[in-house]
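Everything below concerns the one structure shown next.
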Amino acid sequence: MKFLTKIVRAVALCASLVACQSSDPVVNLGYAQYRGVTNASIGVTSYYGIRYAQPPIGDLRWQPPMDIESRNTYNPSTVMNATSHGPICVQGTPDWALANGSMLTAPLGDEDCLLLDVSVPRTPASSNLPVMVQIHGGGYTLGSSSSYPGYSLLNQSAGGLIYVAIQYRLSAFGFLSSTEIRENGIANAGLLDQRAALAWVQRNIRSFGGDPSKVTIIGGSAGGGSVMNQMILYGGVANPPFRAVVAEYPWWQPYHNNTVLEDQYRELLAATNCTNLQCLRSIDAAVLHLASQATYIAGYMAQPGMNYGYGDFYYGPSVDGNIIRDLPSNEFKQGHFTKVPLLVDREGYEGAGFSNKSETTKAEETADFQTLFPYAKQSFFDRLYELYPASSFNATFWQRQSIFGDFIINCPTYYMSTAVSDWGLPVWKMIFNAGSQFHGATVPFIFETNATLNNNATLALIMKDYFISFAVNLDPNSVSYSATPKPYWPAYQVGSSMNFTVMDVNYTMMGVVGDFDASAQCDYFHGQSYAVRN
């Protein structure tokens, strides 16, 4: 009778689960169990939507993330479904990027979104694999764990890699940083979410066959900015939860000053009819979500000048004095960053997608840049236009994209490469002028599973080989997983006979050249923190 009762209970338990098939893989984390799904065609098993922290809702809004193990609501004997993606975080779109002007619509997403996905090879090469953790981009306002799936990398790694993709609070939910937030909550909550996810990986990745001592963090755009911020978090810690960094086209958008940060907070209060943080934590989620999008419009229309300009995503990391202690440019100058090997890249026309095509005059361009560089005086602009003379460009748009691209992405790759190399650590830098040549041009070559349709399949194999080899062996040259011949990629090596050496990739060749960003333009921006905030 007792045996029959156990069978009935087991049947009832299976009936309560979305997926209860003996063939589906189950991972036991001790505090919880998850059922994943296997894609036999690409040889990958994935576990989607695993919570790494407690839902940041209600009183936990704008508070540090709390470890999921402390929630004490899981039954360790219950197998939970992890066969489909969970909800994405609340999205936000800057006013300049809205398709139909300043439309006010409720953004997609959910606050209960501190989730991650784990993908493992169906046939692992060992029981102690290196791990790549993806921090998605999207201007700190858009994106999710599914933005950059790692199936292609896992497939090419011959069972030699585990891939984790995380989500973190975005826009006003992750980067509201007013005085009241700092006094009664936390600034840069989105960056702390990322850190909490990395800590979860340290605690739990062994259960998936991963080695927590061999974690590489990777991100593109704001994801590249995020991995940079993880390097300077708390001034750069000695024992970070990662051993290497891949910063793809790292997005160093302006770290707004306290005046703008206070305006963001006041705009959110006005849009919710709240007067304080307690109210913001108590209101209905739907009201808060709609209000968060309203702040993008209010900030762009702010008088006497816009709080953020064309190409800026408004919300993002800020200097709070603790989590982020100084501007990134200053932190790298002063050596206040975590010392780990670095692979960094950028595309040929990084500023094109973030420049206003309607600008046709120098006056319009200068007014636009005054928002981006709020402390700049006339002497700053005089020198800027000397370094980027109009005669070198066939339109104002291309002059603007060159300046914006250098300031936001191109020059930061130079700052990171020189700073890390100066500390004796290996750095590899690539300038990618293939594909579209625009922001994110490397994505199809690294993350698409079938690059033969629209891209150069051979280049895709080479790119994945470089990235996998770096994650596994801390050297992009060490292993050729695809057996595709590829050029040797020398390290950056500041202070040697191979100074500022980068891999240049274009439509017809790959080869070693000097760093185009070791330039007077980048040196000028690096010395102008007082004018440009960053």
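Numbering (this note's numbering), first residue to last: 940 to 1473.
Virtual Cβ for every residue (Gly too), placed ideally from N, Cα, C.
For the pair G1099 and L1413, the Cα-to-Cα distance works out to about 14 angstroms.
Excluding five sequence positions before and after R1264, the CB atoms of its chain that fall closer than 8 angstroms to its own CB belong to I1171, Y1173, G1174, V1258, E1270, H1275, given in chain order. Cβ neighbours of G1082 within its own chain (closer than 7 angstroms, five residues either side excluded): H1075, G1076. Residue burial annotation: E1122 is exposed, with fewer than 16 other C-beta atoms found within 10 angstroms of its C-beta. P1383 is classed as buried because its beta carbon has at least 16 other beta carbons within 10 Å across all chains shown. Selection Q1169, P1004, R1182 evaluated against A1135 yields P1004 as nearest (Cα-Cα). Its Cα nearest to that of S1421, the residue I1407 stands out among S1341, I1407, G1248. In this structure, DSSP gives W1139 a helical state, which the three-state scheme calls helix. Straight-line spacing of the CA atoms in A1233 and L1093 works out to 40 angstroms. For A1291, same chain residues with a beta-carbon under 6 angstroms away, outside a window of 5 residues either side, are Q1340, F1377 in chain order.
Rounded to the nearest angstrom, the gap between the Cα atoms of G1238 and N1246 is 5 angstroms. The residue among T1062, I1348, N1011 with its C-alpha nearest the C-alpha of G982 is T1062. Only exposed fits Y1314, as fewer than 16 other CB atoms lie within 10 angstroms of its CB. Each of Y1204, S1058, D1223, H1024 was checked against the Cα of N1215, and the nearest Cα belongs to Y1204. About 6 angstroms separates the Cβ atoms of V1444 and M1369, confirming a contact at the 8 angstroms cut-off. Contact holds between the segment 984-1003 and the segment 1045-1054, because three or more Cβ pairs, one in each stretch, are under 8 angstroms apart. E1298 is a Cβ neighbour of E1304, given a cutoff of 7 angstroms. Within the same chain, A1237 come within 8 angstroms of A1209 by CB-CB distance, once the 5 residues on both sides are set aside. Straight across, the Cα-Cα distance linking T1032 with Y1254 is about 10 angstroms.
In the DSSP assignment, W1367 is bridged to L1282. Per DSSP, the beta-bridge partners of R990 are L1054.
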